[in-house]
Amino acid sequence: MIVFKNVSKRYPDGYVALNNIDLTIESGQMVFLTGHSGAGKSTLLKLIAAIERPTSGTIAISGQNIAQLKLGAIPYLRRKIGFIFQDHKLLFDRNVFDNVLLPLQISNFDSKAVASRVRAALDKVGLLKKEKAMPIALSGGERQRLCIARAVVHRPNILIADEPTGNLDVDYARDIMAMFTSFNQVGVTVLIATHDASLLEDTQHRILLLKQGKLAV
Amino acid sequence: MIRAWLTQHAFVFFLTLKRIISTPITSLLSVIVMGIALSLPTGVYLLMKNLQLVSGQAASSPQMSLFLKKNIDKQDIAKIKQQLEENPQIVNSEFVSKDAALQRLQQSSGFTDITNTLERNPLPDAFIIHTVQGTPETLGQLRAEIQNWPQVEHVQFDSAWLERLHALLQLGRFVVLMLATLLSIAIIAIMFNTIRLQILTKQDEIEISKLIGATDSFIRRPFLYFGAIEGLAGGATAWIIVTFAIESINQELVRLAELYSFEVHLQHLSTGDSISLLVFSAWLGWLGARLSVASHLWQIEPR
Numbered sequence: 000m001i002v003f004k005n006v007s008k009r010y011p012d013g014y015v016a017l018n019n020i021d022l023t024i025e026s027g028q029m030v031f032l033t034g035h036s037g038a039g040k041s042t043l044l045k046l047i048a049a050i051e052r053p054t055s056g057t058i059a060i061s062g063q064n065i066a067q068l069k070l071g072a073i074p075y076l077r078r079k080i081g082f083i084f085q086d087h088k089l090l091f092d093r094n095v096f097d098n099v100l101l102p103l104q105i106s107n108f109d110s111k112a113v114a115s116r117v118r119a120a121l122d123k124v125g126l127l128k129k130e131k132a133m134p135i136a137l138s139g140g141e142r143q144r145l146c147i148a149r150a151v152v153h154r155p156n157i158l159i160a161d162e163p164t165g166n167l168d169v170d171y172a173r174d175i176m177a178m179f180t181s182f183n184q185v186g187v188t189v190l191i192a193t194h195d196a197s198l199l200e201d202t203q204h205r206i207l208l209l210k211q212g213k214l215a216v
Numbered sequence: 000m001i002r003a004w005l006t007q008h009a010f011v012f013f014l015t016l017k018r019i020i021s022t023p024i025t026s027l028l029s030v031i032v033m034g035i036a037l038s039l040p041t042g043v044y045l046l047m048k049n050l051q052l053v054s055g056q057a058a059s060s061p062q063m064s065l066f067l068k069k070n071i072d073k074q075d076i077a078k079i080k081q082q083l084e085e086n087p088q089i090v091n092s093e094f095v096s097k098d099a100a101l102q103r104l105q106q107s108s109g110f111t112d113i114t115n116t117l118e119r120n121p122l123p124d125a126f127i128i129h130t131v132q133g134t135p136e137t138l139g140q141l142r143a144e145i146q147n148w149p150q151v152e153h154v155q156f157d158s159a160w161l162e163r164l165h166a167l168l169q170l171g172r173f174v175v176l177m178l179a180t181l182l183s184i185a186i187i188a189i190m191f192n193t194i195r196l197q198i199l200t201k202q203d204e205i206e207i208s209k210l211i212g213a214t215d216s217f218i219r220r221p222f223l224y225f226g227a228i229e230g231l232a233g234g235a236t237a238w239i240i241v242t243f244a245i246e247s248i249n250q251e252l253v254r255l256a257e258l259y260s261f262e263v264h265l266q267h268l269s270t271g272d273s274i275s276l277l278v279f280s281a282w283l284g285w286l287g288a289r290l291s292v293a294s295h296l297w298q299i300e301p302r
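Respectively, the protein sequence lines represent chains H and Y. Counting from 1, position 23 in the first sequence corresponds to residue 22 in numbering that gives the first Met the number 0; the numbering is continuous, with no gaps. Counting from 1, position 168 in the second sequence corresponds to residue 167 in numbering that gives the first Met the number 0; the numbering is continuous, with no gaps.
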């Protein structure tokens, strides 16, 4: 469960990205976060993974206050979260397999099960045949799927995606949304930020609308 | 859990080794620079140790000669002998009567003719004593004490050379310490810069790793391994340089020994010293890397 209480984020230059947000996301929910660019979607997601800190207010994940988290505890919080970055953040000096391997290396995962875990994640996103390919050789959609594989390989409780269908064709976008739905069906809390209205048309999931740093719904 | 930890370390170790080998020229150059820097203090240290060894043999038991007054009798001699035996600073003493001394003189070649012309024995009774090891000061005090005994005419103890040797060794130790300190700082600086450049090229990897839950120690680990491995290689290079130097000096010494008919042979680094050199150099590399990582990681901290 993710609970925001009176959360504000003001940047050093005075820009207020989030203004007094109160929000509760239950475990296992799938939630869309929408709004114009600059409405504070990315900031809200980054606060959950402690990539940024709120100026005021509290953020609790499973009862733990993220706003006051010690620096040394942040890595362990991030391991519970799968983050799909807007700019992918792939490593171009290693192949697809090794990119997905990284989260498992970071969390000291036992070596024997590692390869099968990586291949399982690659299989879910349909990149199993490209495990030896370098990221530079992948298409935009494939890179996005690689990013998803890396985000889910360590089986996080929470999956966060920032504009996951950003520059993709409608068909690709639909594929990726189907993947998120399937993760949600096995109990993962999924939080997706998007400004793509077509994704929201026929969804039954919860939609949060951000307007100039405030929740409108 | 421990197995996973070990696997992780082994993985990072081999990854780092692979990285070092993948840039052979750069790695080789920095290892050679570190090796040369380390070989200087090591070489001077080794020379000092050899000098100490030689001086230790020469002064293994400092010797003094007590020349007694002409008009003494057997009682006096017995009394002196007792006094000498009671002194804890004196290891042993040997009485050499004037007759025995003359005999020895006659036996030594070249003096036979001279001694034959002597009408009476000009030599005094004497004690030759061996003292415990000591500094020039303590031995000088002992000499002054014995000199004050009424039956003693003169105490001969050549302490000047011992003092000079001591001073020289002291100076040598100081030089070693100074060289070692300066060059250690140089090695730390080299490693600091090497790691700084590596961090810059690995900025993406570090940033992404941190974003998906890497601890600082996970980020540091490959750089620390890098520093320690290159430091160790530098130490090994220094060892090889010193070994070659000692071997070639020894070969020259053999030629010199043939000409001058004496035998000198430089000792090589002991096993303990060799291990110390390798451990110390690895530690220096590690320290340089540690300092560099500490001062650069915060700069790429995701904000």
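Each residue gets a CB set at the ideal place from its N, CA and C atoms; glycine is no exception. In this text, all values refer to a predicted model and were calculated from it rather than measured experimentally.
What in chain H is Cβ-close to residue i, meaning under 8 Å?
i: Ala3 of chain Y; result: Asn107, Phe108, Asp109, Ser110
i: Glu204 of chain Y; result: Leu90, Asp92
Only counting the same chain, and skipping five residues up and downstream in sequence, which positions put a Cβ closer than 8 Å to that of residue i?
i: Asn19 of chain H; result: Asn5, Val6, Ser7, Gly56, Lys213
i: Val43 of chain Y; result: Gly171, Val174, Val175, Leu178
Identify the residues that DSSP records as bridge partners of residue i: which are they?
i: Phe12 of chain Y; result: In the DSSP output, where bridge partners are listed per residue, Phe12 of chain Y has none listed.
i: Thr23 of chain H; result: H:Val2
i: Glu93 of chain Y; result: Y:Ile127
i: Gly139 of chain Y; result: Partner(s): none; Gly139 of chain Y has no beta bridge.
i: His153 of chain Y; result: Y:Phe66
i: Gln63 of chain H; result: H:Ile60
i: Ile191 of chain H; result: H:Phe31, H:Ala160
i: Arg205 of chain H; result: H:Val30
i: Ser7 of chain H; result: H:Ser55
i: Lys210 of chain H; result: H:Lys213
i: Val15 of chain H; result: H:Arg9
Below 7 Å CB to CB, which residues in the same chain sit around residue i once its five sequence neighbours on both sides are set aside?
i: Leu89 of chain H; result: Asn98, Pro134, Arg142, Leu145, Cys146
i: Arg302 of chain Y; result: For Arg302 of chain Y, the predicted structure reports a pLDDT of 49, less than 50, and the residue's modelled location is therefore unreliable. A value from the coordinates is still provided. For Arg302 of chain Y, where only same-chain residues beyond five positions count, there are no Cβ hits under 7 Å.
i: Val90 of chain Y; result: Ser60, His129, Thr130, Val131
Would residue i be called buried (16 or more neighbouring beta carbons within 10 Å of its own) or exposed?
i: Met0 of chain H; result: exposed
i: Ser294 of chain Y; result: exposed
i: Trp238 of chain Y; result: buried
i: Tyr14 of chain H; result: exposed
i: Thr214 of chain Y; result: buried
i: Arg220 of chain Y; result: buried
i: Ser106 of chain H; result: buried
i: Ser138 of chain H; result: exposed
i: Leu283 of chain Y; result: buried
i: Val386 of chain Y; result: Absent from the structure is residue 386 of chain Y, since the part of chain Y shown begins at 0 and ends at 302.
i: Arg77 of chain H; result: buried
i: Leu5 of chain Y; result: exposed
i: Tyr224 of chain Y; result: buried
Output needed for residue i: all residues of its chain with C-beta closer than 6 Å, excluding positions within five of it in sequence on either side, in chain order.
i: Leu44 of chain H; result: Ile159, Asp161, Ala192
i: Ser41 of chain H; result: Asp161
i: Arg205 of chain H; result: Val30
i: Leu199 of chain Y; result: none
i: Ile245 of chain Y; result: Leu265, His267
i: Ala185 of chain Y; result: Ala36
i: Met33 of chain Y; result: Ile186, Gly233
i: Leu208 of chain H; result: Thr33, Gly34, Ala215, Val216
Quick one: list the residues of chain H neighbouring residue i, beta-carbon separation under 7 Å, in chain order.
i: Ile207 of chain Y; result: Lys88, Leu90
i: Gln7 of chain Y; result: Asn107
i: Phe321 of chain Y; result: For chain Y, the structure presents residues 0 to 302; residue 321 of chain Y sits outside this window and is missing.
Closer than 7 Å by beta-carbon distance: list the chain Y residues that pair up with residue i, in chain order.
i: Pro74 of chain H; result: Gly212, Ala213, Thr214
i: Arg78 of chain H; result: Gly212
How far does the beta strand (DSSP E) with residue i in it reach, from first residue to last?
i: Phe31 of chain H; result: 29-33
i: Leu44 of chain H; result: Note, Leu44 of chain H: premise wrong, no beta strand (DSSP E); alpha helix (DSSP H) at 40-47.
i: Ile80 of chain H; result: 80-83
May I ask which residues mark the beginning and end of the alpha helix (DSSP H) holding residue i?
i: Asn249 of chain Y; result: 215-259
i: Ser197 of chain H; result: 196-199
i: Ala288 of chain Y; result: 270-296
i: Ile71 of chain Y; result: Element bounds for Ile71 of chain Y: n/a, residue is neither H nor E.
i: Lys209 of chain Y; result: 202-210
i: Val278 of chain H; result: Outside the shown range of chain H, which is 0 to 216, sits residue 278 of chain H, and nothing can be said about it.
i: Arg77 of chain H; result: 73-77
i: Tyr171 of chain H; result: 169-184
Using a cut-off of 9 Å between C-beta atoms, extract the partners of residue i located in chain H.
i: Asp272 of chain Y; result: In chain order: nothing, as chain H lies at least about 38 Å away.
Name, please, each residue of chain Y whose Cβ falls closer than 8 Å to the Cβ of residue i.
i: Leu126 of chain H; result: The premise fails here: Leu126 of chain H is roughly 18 Å from chain Y at the closest Cβ pair, so nothing lies under 8 Å.
i: Pro102 of chain H; result: Ile211, Gly212
List, in chain order, every chain B residue whose beta-carbon is nearer than 9 Å to that of residue i.
i: Phe82 of chain H; result: Given the protein chain composition of this structure (H and Y), no chain B is represented.
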